[in-house]
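Heads up: the sequence shown begins at 109 in my numbering, then just goes up one per residue. Right, one structure below, let's go through it.
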Amino acid sequence: MWTYFAGLGIGVLMLLWVLQIFFLNNGYERMKIQEVDRVGGLLKSAYKSQDKNLNSSIQELSVINDFYVMMEVKGQILLFAPEQESTLPIYKYKDQLPQLKEAIFKGDPDSPTFFKFSTMYEKYSTLAYALFLDDTKDKEVILYIFSPLYPVTSTVNILKDQLINVTIITLLVTFILAGYLASSISKPIRGITSTAKQMGTGDYNVNFRVDSFTEINNLANTLNMTAYELGMADTRQKDLIANVSHDLKTPLTMIRSYAEMIRDLSGNDPEKREVHLGVIIDESVRMANLVSDMATISAMRTAKMELNKSSFDLSAITASILASYEILEAQEGYQFKFTCPKECFVYADEDRIKQVIANLTGNAIKYGGEDKLVSVNIRRSGKKYRLEVSDNGPGISAEELPHVWDRYYKVSSNYVRPASGTGLGLSIVKEILTLHHARYGVSSKLGKGSTFWFELEMAKPQKA
């Protein structure tokens, strides 16, 4: 980086040398020709327009540009010189006038004639210019301009001396500034690289320093956020592995134990064998549910699950889900209270919303109170329908409410997941509702039960 900055400074200095020395030496004569041609064009335009101030304009231009200007009108010479001497230029350039006049008569009358010559009076060359201001026969008016081509060697030497001083000072400033900028940029990058290597070893409790340029600060902040998210993901992964290992260990142990009991004890006893086989089947179903729930969450987290949205009646699918629990009413005394509008059409993925309602209802059944009452209520909330599932169970403390959506989270001894659950139901509810961009939540008080709710956008009723 220091090399790049220093190289930039040296490159600028080299360009300055080339422009000031090389082009001054090689472009001086060309620039003089262009300037003489420009002045000649201005004077011809002024003559054609019969400018009354032509003489004063010629005198002014000759002084400004250090030109010797002559006009030949019917054989008479008018002299305009940048000096006060009025006769010296005639003697300087009188020998070139016939040559100029001959060249202009041979050439294009509308185009100027140029040539360079030296005189006995001067050690340097002179640029000569001739142009017809009026080419009417017997009324010719010819403009002559003589521009001395002074040597630029002394000027170049002065520029060289100045450029040497400028170069030394500029190089010192460039090297110091390049070193400072290189250090200011590369030092925090080296620090970030070192910290990133540390993070690469699995240490996510790192901190990327933020005390440099805005772009580097933004990078450090992004990496700090990345380290935090990676740490959280690593923690969740370890927790998931631990919880899944625990959940799989229990049914596997029971399956093995009961299989051994069938083999050793109850193989010939049909009644005991059926009981033991029933346990094996139940534990197998629980393992299958666990694997299915994990696959569902994984698909949602990796954005592989696509929603198939349509318009459907939320009350109708809720009623059908509650109907599947009628056996619990008959056998275990559960009560299901359902209130809703006649029709409440929403726009969402019907199958996923069924999964949400089933999980929330199952959760209320597992953690309900002694009255075994589960209430499901659908009501309108602005332009949305709000579905609430309530129970009269032990409730959840305010400190633990935000964590009930986490996988395998156990809030307290009053809210422990029973063996029949997978611990992923509410986490699946959260993921499905998040995919729908739906609002959801839970309200609860210890000893007074809990209410889980979510809201879905209204949709127009489907026509039969």
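Backbone N, C-alpha and C fix where the C-beta goes; we use that ideal spot for every residue, glycine too. All values reported here derive from a predicted model rather than from experimental measurement.
- Two segments are said to touch when three or more pairs of C-beta atoms, one from each, lie closer than 8 angstroms; by this definition the segment 303 to 319 touches the segment 331 to 346.
- Setting aside the 5 residues that flank it on each side, residue 366 is surrounded in the same chain by 384, 387 and 388, each with a C-beta closer than 7 angstroms to its C-beta; the list follows chain order.
- When the Cα atoms are used, residue 252 and residue 118 turn out to be separated by approximately 46 angstroms.
- The Cβ atoms of residue 171 and residue 235 lie no closer than 8 angstroms to each other.
- Considered as a whole, the segment 197 to 282 harbours 205 to 214 as its complete alpha helix (DSSP H) runs of no fewer than 4 residues, in chain order.
- When the beta-carbon positions are compared, residue 477 and residue 501 come within less than 8 angstroms of each other.
- With fewer than 16 neighbouring CB atoms inside 10 Å of its own CB, residue 511 falls in the exposed class.
- Residue 147 and residue 267 have their C-alpha atoms some 28 angstroms from each other.
- Measuring C-alpha to C-alpha distances from residue 286 to each of 374, 109 and 544 identifies 109 as the nearest.
- Rounded to the nearest angstrom, the gap between the Cα atoms of residue 561 and residue 504 is 15 angstroms.
- A direct Cα-to-Cα measurement between residue 423 and residue 486 gives close to 7 angstroms.
- Within the segment 411 to 490, the alpha helix (DSSP H) runs of at least 4 residues that lie entirely inside it are, in chain order, 422 to 431, 434 to 440 and 458 to 474.
- Counting C-beta pairs closer than 8 angstroms gives fewer than three between the segment 266 to 284 and the segment 237 to 250, which falls short of the contact rule.
- About 7 angstroms separates the CB atoms of residue 209 and residue 250; that is less than 8 angstroms, so the two are in contact.
- Rounded to the nearest angstrom, the Cβ distance from residue 233 to residue 245 is 34 angstroms, too far for a contact under 8 angstroms.
- For residue 168, the enclosing alpha helix (DSSP H) begins and ends at 162 to 173.
- Scanning its chain for C-beta atoms nearer than 8 angstroms, with the 5 sequence neighbours on each side dropped, one finds around residue 140 the residues 235, 255 and 257, in chain order.
- In the three-state scheme derived from DSSP, where H, G and I count as helix and E and B as strand, residue 539 is classed as helix.
- Between the beta-carbon of residue 456 and that of residue 564 there is about 5 angstroms, and that keeps the pair under the 8 angstroms contact cut.
- Measuring C-alpha to C-alpha distances from residue 426 to each of 329, 392 and 495 identifies 495 as the nearest.
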